[in-house]
Amino acid sequence: MSIVEQTNPKAGRKTDGAASLVDPKASSSQDTTPAKSTTRRPASQKTKARDGKKPQPNRKPGTAAASRSEAASARYPRHSIEKALRIPKAVLEQNAGKECTDEQAAEFAKLKLHGQNVVEISSAIKYGLFERPKPGHLKLTDLARRILRPQKKEDEIEGLRAAVQKAPVFGEVYSHYRGENLPDSTFFANAIVDTFGVPQGKAAEFESILMDSLKYANLIEGSNGKTRVLDVSHSATESPDNKEILERLGKKAAVSSGDTCFVMMPFKSPHGEYYAQIYQKAIEKAGLTPVRADAELFGTGKIIDQVWRGINDSKVLVAELTTRNPNVFYELGLAHALRKPVVLISGNSEDVPFDLRHIRVIYYDTNDPFWGQKLLDKVAENILSAINNPEEAVFDKALTGGARPALP
263 MSIVEQTNPK AGRKTDGAAS LVDPKASSSQ DTTPAKSTTR RPASQKTKAR
313 DGKKPQPNRK PGTAAASRSE AASARYPRHS IEKALRIPKA VLEQNAGKEC
363 TDEQAAEFAK LKLHGQNVVE ISSAIKYGLF ERPKPGHLKL TDLARRILRP
413 QKKEDEIEGL RAAVQKAPVF GEVYSHYRGE NLPDSTFFAN AIVDTFGVPQ
463 GKAAEFESIL MDSLKYANLI EGSNGKTRVL DVSHSATESP DNKEILERLG
513 KKAAVSSGDT CFVMMPFKSP HGEYYAQIYQ KAIEKAGLTP VRADAELFGT
563 GKIIDQVWRG INDSKVLVAE LTTRNPNVFY ELGLAHALRK PVVLISGNSE
613 DVPFDLRHIR VIYYDTNDPF WGQKLLDKVA ENILSAINNP EEAVFDKALT
663 GGARPALP
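Counting in my numbering, the sequence shown runs from 263 upward without gaps.
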């Protein structure tokens, strides 16, 4: 089911040579006594003379140790998946992928273990290409072998996708936006910092590496001028990742037993059938009670009053935009007037009004054999995400970056 929400050269050291000033009075032609040498032994030589031990040279800061610290400080890989494959590939070709030290791994790639090469090894570990059987040692993983020595046609691309999803923070961003279009540049930059915790000063680097990796793994595609993140899961049942994501989002959302989620959707087949098949289950999975504006659920009375009450009382809403149903658009307008967070869903980008495309929209593709389960999982996640981050799902907040204009 595929919802398609889709270096540093060494600085030359300048030596200030002090000019030797000679006092002409002290320089007499009669004084022919050779000057006594005042050359002093280096402290290191004195030390050697005193204790008999060979002095150790002073180590320059900023080498391998500093690079390891730099690599450890960043949660995400500092290299794209394409670049991070360089050293694992060399270890496979030169050492049959067997265990080796970090120094040996670098040598197999004709590199020295310092600076960015240390960080590159750290990136390979974060992608799951290397594992550490013991400190200072590396071993090629089955995932790396699958990418570098594929046995089937799909091995390489599926391995690359798994590596990107495995990488810290990269995997979180992918899960968050899978099946959706990425936000415009400014909003995406804000989300990188505010939602995913990347330091402001590293946001541009993070985005560049992430986008390079998503592109190399064929996890994104262009769609009407937008970049869509592809949902590439292949399962007709709930994935373990989805369960973990829901648990994490649910703790933060603090959903109460009486909280409701109002569904705005067409009643005609086939979309009307999605309520029982997908949306009702997704809402219950997120821990809320589903509500829909039809006679069966609301009983007698003015439908508009019931719709208003259902929207106003809901903690979050779901809107199925496919077919551009006028009743759905009217109800959506009421929800936006009340500044309610709404999870938008569509089977195609053409049915999403232009002025809503800056808000997160889940896109699904009914041609994908797993689309139903993908949509169910994604809707459940986005419901909780909308509660936790209403700025991504509330109309005026998404427009103004969080500021609320006063109601007339």
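All C-beta atoms in this analysis are idealised placements derived from N, C-alpha and C, irrespective of residue type, glycine included. A quick note: this is a predicted structure, and the numbers were derived from the prediction, not measured.
Straight-line gap, residue i to residue j (C-alpha atoms, nearest Å)
i	j	result
Glu-434	Asp-503	10 Å
Arg-586	Leu-492	24 Å
Arg-571	Thr-489	37 Å
Asp-556	Tyr-592	15 Å
Ile-607	Ser-475	27 Å
His-533	Ile-383	49 Å
Ser-531	Val-525	16 Å
Ser-576	Ile-624	20 Å
Arg-394	Asp-364	10 Å
Gly-463	Pro-445	20 Å
Ile-507	Lys-428	14 Å
Asp-627	Ser-611	11 Å
Arg-601	Ile-645	15 Å
Gly-520	Thr-551	7 Å
His-341	Ser-470	10 Å
Ser-485	Ser-335	35 Å
Residue range of the alpha helix (DSSP H) that includes residue i
i	result
Asp-404	404–410
Glu-344	343–346
Ser-437	432–439
Ile-573	565–575
Pro-603	Segment: none, Pro-603 is in no alpha helix (DSSP H) and carries neither H nor E.
Leu-476	465–478
Glu-546	542–547
Arg-586	No alpha helix (DSSP H) contains Arg-586, which DSSP labels as neither H nor E.
Asn-379	378–388
Secondary structure of residue i, DSSP reduced to three states
i	result
Phe-657	helix
Phe-458	coil
Thr-628	coil
Arg-490	strand
Cys-523	strand
Thr-294	Its pLDDT being 43, under 50, Thr-294 is placed unreliably by the model, and the measurement read from it follows with that caveat. Of the three classes helix, strand and coil, the one that applies to Thr-294 here is coil, per DSSP.
Asn-651	coil
Glu-554	The amino acid occupying residue 554 in the given sequence is Arg; Glu does not appear at that position. Note: Arg-554 maps to strand in three-state DSSP.
Val-353	helix
First through last residue of the beta strand (DSSP E) which encompasses residue i
i	result
Trp-622	A quick correction: the sequence has Arg, not Trp, at residue 622. Premise fails: Arg-622 is in no beta strand (DSSP E) and is neither H nor E.
Ser-611	No beta strand (DSSP E) holds Ser-611; DSSP gives it neither H nor E.
Gly-484	482–485
Supposed close pair residue i, residue j - CB separation, criterion 8 Å
i	j	result
Ala-425	Ser-385	At roughly 11 Å, the Cβ-Cβ gap does not stay under 8 Å, so Ala-425 and Ser-385 are not in contact.
7 Å Cβ shell around residue i - same chain, five flanking residues per side excluded
i	result
Asn-357	Phe-370
Gly-421	Leu-405, Arg-408 and Ile-409
Gly-549	Gly-512 and Val-517
Val-590	Met-526, Met-527, Pro-528, Ala-581, Glu-582 and Leu-583
Pro-430	Arg-337, Tyr-338 and Lys-388
Glu-535	none
Cutoff 8 Å; reference residue i; Cβ partners in own chain excluding five residues on either side
i	result
Ser-437	Gln-427, Asp-503, Ile-507 and Glu-643
Glu-361	Pro-395, His-399, Leu-400 and Lys-401
Chain-order list of residues whose beta-carbon lies under 6 Å from that of residue i (same chain, five-residue window excluded)
i	result
Gly-279	Only weak support exists for where Gly-279 lies, its pLDDT of 39 falling under 50; the coordinates are left without a value.
Tyr-439	Val-491
Leu-579	Phe-524, Ala-597, Lys-602 and Val-604
Any non-hydrogen atom of the ligand FAD closer than 7 Å to residue i Cβ
i	result
His-620	For the structure depicted, the ligand FAD is absent and the ligand set is empty, with no information on it obtainable.
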